[in-house]
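K.L.:
Residue numbers (the working numbering): 413 to 733.
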């Protein structure tokens, strides 16, 4: 990407979009297009089409999405499928109509079948049943991947779908009910320490294994992919294959181990209890990242360092009040 290229970051206020924005700004890109929700509602087709017709972005990072943990996915399934389908349908189609050079669609590792072999390879897509607790969200993201593939096949576009593992970092959602497991645990342990609680209760058995990636590493991976030369990028988006690539750390950890790590980092001395009546979700989600490693990208920030940086950011920005 040329330094003065016009680049649109959809979802720039969120966890992923804000990290991509910081990465591009740090690299000297100054022609960055951003719009708040009140300025541009991505679920509204006419608004999105008008924006793309007027601005004509050359590159699009599609990081806007409705996301959440098990409780949120179970409680708001209609919101998760409708909002995500609407956003990606409008943005992908408008990017094609305005002749954008490249588009990077951000998804999630929950697109893969619940019980397929580990680690999860890109070719496992649509080979089995999904995890029921987040099926509407997963189906929406699979539709986005298939949109990228279909537009590449029919129109010769250069759209790529990147599937990151579980992400965390600055600007994450730390809501006590709607957040993902890692930010939720940071909040639980911080509040338990601050309020002097004797124990922290965690959903499930603590046995499921999860892979985590600090969001600044994801932003670096997105920057790397969007700047690949035409031959390498074309190899990922060609019409013969699904334009899908995993982005992860390549190692996982149990929820129990994660809880102990966060407890230590925050300095909480109480007990951890597990509510085994609550769902665990998918037993394991570890991405096979050999494809992106082979073309030259690897993460740089360890899980422990990432959690320390995230907690420091929370305290600096008074996230917990």
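Every residue, glycine too, gets a C-beta built ideally from N, C-alpha and C.
So the candidates are 623, 695, 674; which of them puts its Cα closest to the Cα of residue 575?
P.N.:
For this step, residue 575 is matched to residue 163 along the chain shown. Of 623, 695, 674, the residue nearest in Cα terms is 623.
K.L.:
Counting only the same chain and skipping the five closest in sequence on each side, list residues whose C-beta sits under 8 Å from that of residue 431.
P.N.:
Here residue 431 corresponds to residue number 19 of the chain shown, with the count starting at 1. So the list reads 581, 582, 583, 627, 628, 630, 631, once near-sequence residues are dropped.
K.L.:
For residue 716 and residue 678, I'd like the C-alpha separation in whole angstroms.
P.N.:
Here the question's residue 716 lines up with position 304 in the chain shown. Here the question's residue 678 lines up with position 266 in the chain shown. Distance between the alpha carbons of residue 716 and residue 678 is about 11 Å.
K.L.:
So residue 662 and residue 482 are supposed to be a Cβ contact under 8 Å. How far apart are they, rounded?
P.N.:
Along the chain shown, read from residue 1 onward, the residue named residue 662 stands at position 250. Along the chain shown, read from residue 1 onward, the residue named residue 482 stands at position 70. The pair is not a contact, with the Cβ atoms about 24 Å apart (cut-off 8 Å).
K.L.:
Look up residue 725 in the DSSP assignment and give the residues it is bridged to.
P.N.:
Position 313 of the chain shown, counted from the start, is the residue given in the question as residue 725. Its beta-bridge partners do not exist; DSSP assigns none.
K.L.:
Using the DSSP secondary-structure output, state which residues sit across from residue 742 in a beta bridge.
P.N.:
Outside the modelled stretch of the chain, which goes from 413 to 733, sits residue 742, for which no answer is possible.
K.L.:
Which two residues bound the contiguous alpha helix (DSSP H) that contains residue 607?
P.N.:
By 1-based counting over the chain shown, the position of residue 607 is 195. Its alpha helix (DSSP H) spans residues 593–607.
K.L.:
May I ask you to list the residues that DSSP assigns as paired with residue 574?
P.N.:
By 1-based counting over the chain shown, the position of residue 574 is 162. Answer is 518, 657.
K.L.:
Three-state secondary structure (DSSP) at residue 509?
P.N.:
Taking the first residue of the chain shown as position 1, residue 509 is located at position 97. Residue state, collapsed to three classes: helix.
K.L.:
Can you name the start and end residues of the beta strand (DSSP E) that residue 626 belongs to?
P.N.:
Taking the chain shown and counting its residues from 1, the one referred to as residue 626 is at position 214. 624–626 is the extent of the beta strand (DSSP E) around residue 626.
K.L.:
Are the beta-carbon atoms of residue 478 and residue 496 separated by less than 9 Å?
P.N.:
By one-based count along the chain shown, residue 478 stands at place 66. By one-based count along the chain shown, residue 496 stands at place 84. Closer than 9 Å, so yes.
K.L.:
Please classify residue 503: does DSSP put it in a helix, a strand, or coil?
P.N.:
Within the chain shown, residue 503 is the residue found at index 91, counting from 1. It is helical.
K.L.:
Could you round the C-beta distance between residue 570 and residue 514 to whole angstroms and report it? I think they count as a contact, below 8 Å.
P.N.:
For the purposes of this step, residue 570 is taken as the residue at position 158 of the chain shown. For the purposes of this step, residue 514 is taken as the residue at position 102 of the chain shown. Contact holds; Cβ gap of about 5 Å.
K.L.:
Which residues in the same chain as residue 586 place their Cβ atom closer than 8 Å to its Cβ, once the five residues preceding and following it in sequence are excluded?
P.N.:
Start at 1 with the first residue of the chain shown, and residue 586 comes out as number 174. Around residue 586: 595, 596, 598, 599, 726, 731, 732.
K.L.:
Give the range of the beta strand (DSSP E) segment to which residue 684 is assigned.
P.N.:
Along the chain shown, one-based indexing puts residue 684 at 272. Where residue 684 is concerned, the enclosing beta strand (DSSP E) stretches over 683–687.
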